[in-house]
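Chains as they are written, first to last, in my numbering: chain A, 31 to 528; chain B, 31 to 528.
Have a look at this one:
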């Protein structure tokens, strides 16, 4: 504490180095190089400065410590002679393995999970991470687009444009609902492609549909709603996620026309979460009659949560407009770029009825103060420049080929399987004869190096056994090879059972 | 649904356009150009395709609809003649304002908040957004580094490197705890600069310290802890945030030696959140005695949450190692790049005792499935290439000049103010004579175009009136001009009171 009227302090010194917290006051006069060499040696030996790390430049460290550069040079020289350090020209002075230096600890590889153990009938909420961590030759798990197609050059170009024009203040804390320019781009996208008219200020940018559901669960919980009906079959991940946010998820059946709205109405549950454009996992589209029934249910007070996750991936059927376009005050709408660009971007959007808006914004603020700004601006640039739409056209052409390859491979190698939901999306569902235990089949398939998901994971009530097979991220060759292994695993299981 | 043994379907068609959900089946035979022109006109008039938007290329739209390109060309031509569209060469066909087109709605500007109304004694949790939205000539609110210094070129270069080398699978869903390469870089950073030895797998990448506190609050709440003591004076934002996550935040005094550990021990509260390296807002460093007392309190079972928010910004005092380095099983440690690079990046890190780890990871998964991957990899590249450290050295030099300018300006224009916490950080605290009502002073200062924070916002119990003044993000000229306005506002208030 100092009185302001005191004169400004003398020229500031930093009085020590952040690097290893070295303070010259600790050094004996006349023995500074010795002292410094000792401190560095200790830090190298105990791993604080591991092999491969670069030391500060002598000039910089000398200035930090307030000593002559010769002191630092001498200390570095001594450790170089001992074999702890090596000069690397412009790359500076680097720590190298020395005789007597214990080998740096090698990070333990993630334990290879037991494939059979993964596919239990009631998996935990870390199941998808565990499946991703399992090693496999061919990954036919559903849920990702062709990631090799990620438009790296377009992304980098858009980022350059954004960085060139960004105001410094935009690097500060922003609006928790997202960057205005992305909200504008999303609103324009939804108007053009999903039949939704929305004021950009109503768009809430979120970290994917997962976060959107968490925010909604918090807002609905605060409003006294603790049950959200879900489709059955329906996404295991969504159900686990809602359960984690303390929502019950009673199952509502799905048939060839989509969600059984009669079951929903009979259940008395106040809210329902569904995937009307391409039901997960069955691939059914909510048909016209059911849409009308659902709209009537919502007009009578029901709340719809519309996960529009696959709407843009349709191949041989007409587009289906979003329910949100019909009923803005009864539909919460969530979408993301996870299936359009990459899940790793963690960007999505959420529209909610006005009565829920304040609570959702509070929840988003409490979650993270808003999404990171740069990726939002880059995405907006891609959406407005047309690069995003070009990318989707490329994806669609590629996905159709892969979808066709999977259907052909199934016809050839698994002729008894029934194929569902091929007209859109990134995956197929197949159902198999009732004797098959699909978790066992998935485990046996993984043992053959191919990852698939058992259909029963996505079913709360008894359903036909089957598999959910992603094709979008795999080459046609991989797809055929994967299907061959599924067929082989199925034959093996039948032989065991027979 | 189709039997797999059926042959693969004929060549897929997309059967309609996502753009406006146009389906040619809706068009009368022989009147397709008419029909298309009508649909486009309607979409332009009702704002679904606003002025400035580009229409799909004729070739693309024709292919989507399964019509000859001439049909689309004719429809575009007609709307061009009507004045709705204009050809822009390589930029395509663009919507322009036409006679009879209603002017597109101009987004309403954020309501300019009433400056006097902002500075209430007990502000809501959206207060910081409201203050940011208030217009001002000079912003001396604390909490951001010099954002004009953001290393745009380094960032773009690192992003190029990352995009060049990234495996396609890395665009998929990742580990909710973060990208391994960033966790490695953060662990190395903490070892070199903060005296913390940690296995990279223990590092949890989060969306800033705000998210870290939310995750901790959830984990502690599940463990039956619903009170976290906080410093008083202490950050209003932190307190509001913990309250929002259903934590009580009893106040513990701060004096010239830092947190009053005796008060903490007497309170019986099981956990405490503090800023030991540079207390917010007073700028005090927790001294040696208090550190020893706090360590004893933690060894007896207390849990420490260490917000290391300003540790790297120190000017004329030696570095202070983190408490976490001493007591890994009693300290939760949170840091971020918000004060080192930019808050807009929303990247931070969290270390927790092993007994809390599982619950925190579950909370992170439920929050957002993990941070976005690309910015993590870019940051790791900056940290390992040395660009990050270079940036901090540049920031430090600049911040020292600005700090000195603010101290000099205060001595000149507000000689009666007492200045606190100048040896480190991005802000100063000043205290004023007890007759001043600092919320009123902040309002009067904003009315003169200068944003500051009243100290009383950051106090739960009566304390001296004062202001919290950020200097890091402003030029020395702005700083002096800002202080002159504060002094003028203070004189005005005294005149009113006198």
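The beta carbon of each residue, even a glycine, is placed where N, CA and C say it ideally should be.
All values derive from a computational prediction rather than experimental measurement.
Partner residues on chain B for residue 114 of chain A, Cβ-Cβ distance less than 7 Å: Simply none; closest approach about 16 Å.
Helix or strand or just coil, what does DSSP make of residue 277 of chain B? coil
Candidates A:524, A:442 and A:153: closest to residue 514 of chain A by CA position: A:442
Residues near residue 319 of chain A by beta carbon distance below 7 Å, same chain, minus five either side: 287
Specify, as a first and last residue, the run of the alpha helix (DSSP H) that residue 240 of chain B falls within. 238-252
Of the residues that make up the stretch 392-406 of chain B, which ones have a beta carbon closer than 8 Å to any beta carbon in chain A? 392, 395, 396, 397, 398, 399, 400, 401, 402, 403, 404 and 405
So, for residue 162 of chain B: in the same chain, excluding its five sequence neighbours on each side, which residues have a beta-carbon less than 8 Å away from its beta-carbon? 171
Taking any Cβ of chain B, which residues in the stretch 143-177 of chain A have a Cβ under 8 Å from it, in chain order? 155, 156, 158, 159, 162, 173, 174 and 177
Is the stretch 214-224 of chain A touching the stretch 410-419 of chain A in the sense that three or more CB pairs, one from each, lie closer than 8 Å? yes
Can you tell me whether DSSP reads residue 257 of chain A as helix, strand or coil? strand
Whole beta strand (DSSP E) elements within the stretch 372-425 of chain A, 3-residue minimum: 378-381
Whose C-alpha, out of B:467, B:477 and B:476, is nearest the C-alpha of residue 485 of chain B? B:467
Report the rounded CA-to-CA distance for residue 180 of chain B versus residue 236 of chain B, giving the unit in angstroms. 21 Å
If contact is defined by three or more beta carbon pairs under 8 Å, each pair taking one atom from either stretch, is the stretch 102-119 of chain A in contact with the stretch 68-88 of chain A? yes
Could you tell me which residues DSSP puts in a beta bridge with residue 489 of chain B? Answer is none; residue 489 of chain B lacks a bridge partner.
Taking the beta strand (DSSP E) that residue 448 of chain A falls in, what are its first and last residues? 448-450
Tell me whether residue 116 of chain B sits in a helix, a strand or coil according to DSSP, three-state version. strand
If we cut at 9 Å on Cβ distances, does residue 381 of chain B have a partner in chain A? no
Spatial neighbours of residue 252 of chain A in its chain, beta-carbon cut-off 6 Å, leaving aside the 5 residues before and after: 389
Hey, does residue 233 of chain A have any beta-carbon neighbour from chain B nearer than 9 Å? no
Proximal chain B residues relative to residue 351 of chain A, where beta-carbon distance stays under 7 Å: 51
Any idea what DSSP makes of residue 357 of chain B, helix, strand or coil? coil
Taking the CB atoms as reference points, tell me whether residue 282 of chain B and residue 260 of chain B lie closer together than 9 Å. yes
Can you tell which of B:423, B:408, B:344 and B:164 has the C-alpha that lies nearest to the C-alpha of residue 458 of chain B? B:344
Assuming the contact rule is C-beta atoms closer than 8 Å, residue 314 of chain B and residue 284 of chain B should be a hit. Round their C-beta distance to whole Å, please. 6 Å
Report the neighbours of residue 186 of chain A on chain B: residues whose CB is nearer than 7 Å to its CB, in chain order. 189, 190 and 193
Buried/exposed call for residue 321 of chain A, threshold 16 Cβ in 10 Å: buried
Could you compute how far the alpha carbon of residue 193 of chain A sits from the alpha carbon of residue 408 of chain A? 9 Å
Tell me which residue opens and which closes the beta strand (DSSP E) that residue 51 of chain A is part of. Where residue 51 of chain A is concerned, there is no enclosing beta strand (DSSP E), given that its DSSP letter is neither H nor E.
Could you give the C-beta distance for residue 307 of chain B and residue 350 of chain B, rounded to a whole number, given that I count them as a contact under 8 Å? 5 Å
Is there a Cβ of chain B sitting closer than 9 Å to that of residue 86 of chain A, yes or no? yes
For residue 226 of chain B, the three-state DSSP class (helix, strand or coil): coil
Span separating the alpha-carbon of residue 275 of chain A from that of residue 82 of chain A: 44 Å
Kindly confirm or deny that the stretch 494-504 of chain A and the stretch 182-191 of chain A touch, where touching means at least three C-beta pairs closer than 8 Å. no
Is there contact here, the stretch 387-403 of chain B with the stretch 92-107 of chain A, by at least three beta-carbon pairs under 8 Å? no
Please list the partners that residue 69 of chain B has in chain A, where partner means a Cβ-to-Cβ separation under 7 Å. What residue 69 of chain B touches in chain A: nothing, since even the nearest Cβ is about 12 Å away.
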